[in-house]
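Numbering (our numbering), first residue to last: 56 to 256.
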């Protein structure tokens with residue numbers, strides 16, 4: 056079993072690679088729990104809709120709502136799945152709050168780290184896959200068509216988010232896999248599988 060998280064900016068292909076990895080694991084007989092942040096629970100999905108559609112939420116409130124969704128997901132989904140020896144594949148986790156609310160919104164990184172630890176009980180992924188993509192490419196892929204307030208944020212905001220991910224990856228080279236998300240999807244999936252296999256032994 057392993058806890059694997061996918062991170063990246065808008066349009067990087069996280070959801071596609073999450074599904075691809077989960078499918079590959081299941082084909083090989085590994086029990087898998089595929090989930091996402093915010094979401095994965097009834098509370099989390101409600102907060103997801105709220106967070107992505109309401110532009111008038113204050114920055115601190117935004118962070119606290121993400122942490123509430125995260126706490127519920129860890130308690131109700133991730134910990135039970137790992138206890139049942141399932142491999143958990145999660146679309147976003149604590150690094151998203153550092154990148155988006157910390158680097159992007161400008162909230163105190165120490166506060167975010169403390170809240171992340173409280174919300175997760177100190178849990179951290181065995182592997183974080185960062186699908187790195189130039190901001191202009193990611194925004195062009197998304198097109199801003201789904202009404203997501205993060206998609207509609209300025210390019211400068213997304214540049215700060217990318218810088219946040221780069222800083223985290225530099226601090227955690229052993230547990231982070233950094234991939235160029237402009238590469239073909241199948242190539243990315245093979246690189247991810249090569250990194251994941253040793254974690255399953």
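Cβ coordinates follow ideal geometry from the N, Cα and C atoms, glycine included.
Query: Residues sharing a beta bridge with residue 73, DSSP; Result: Answer is none; residue 73 lacks a bridge partner.
Query: Alpha-carbon to alpha-carbon, residue 92 and residue 108; Result: 15 Å
Query: Residue nearest to residue 160 in terms of C-alpha spacing, selected from 226, 209, 80; Result: 209
Query: Same chain, Cβ closer than 6 Å to residue 145, five either side skipped, listed in chain order; Result: 60, 90
Query: Pairwise C-alpha distance: residue 69 and residue 46; Result: Because the chain here runs from 56 to 256, residue 46 falls outside it and cannot be looked at.
Query: The segment 77-90 touching the segment 116-125, judged by at least three CB pairs closer than 8 Å; Result: no
Query: Residue 63 in three-state terms, based on DSSP; Result: strand
Query: Residue 172, DSSP secondary structure in three states; Result: helix
Query: Helix, strand or coil at residue 183 according to DSSP, with G and I counted as helix; Result: strand
Query: Cα-Cα separation between residue 131 and residue 103, rounded to whole angstroms; Result: 16 Å
Query: Buried/exposed call for residue 151, threshold 16 Cβ in 10 Å; Result: buried
Query: Ranges of the beta strand (DSSP E) found wholly within the segment 72-112, counting only runs of at least 3; Result: 87-91
Query: Rounded C-alpha distance that separates residue 62 from residue 148; Result: 8 Å
Query: Alpha carbon of residue 64 to alpha carbon of residue 139, nearest angstrom; Result: 31 Å
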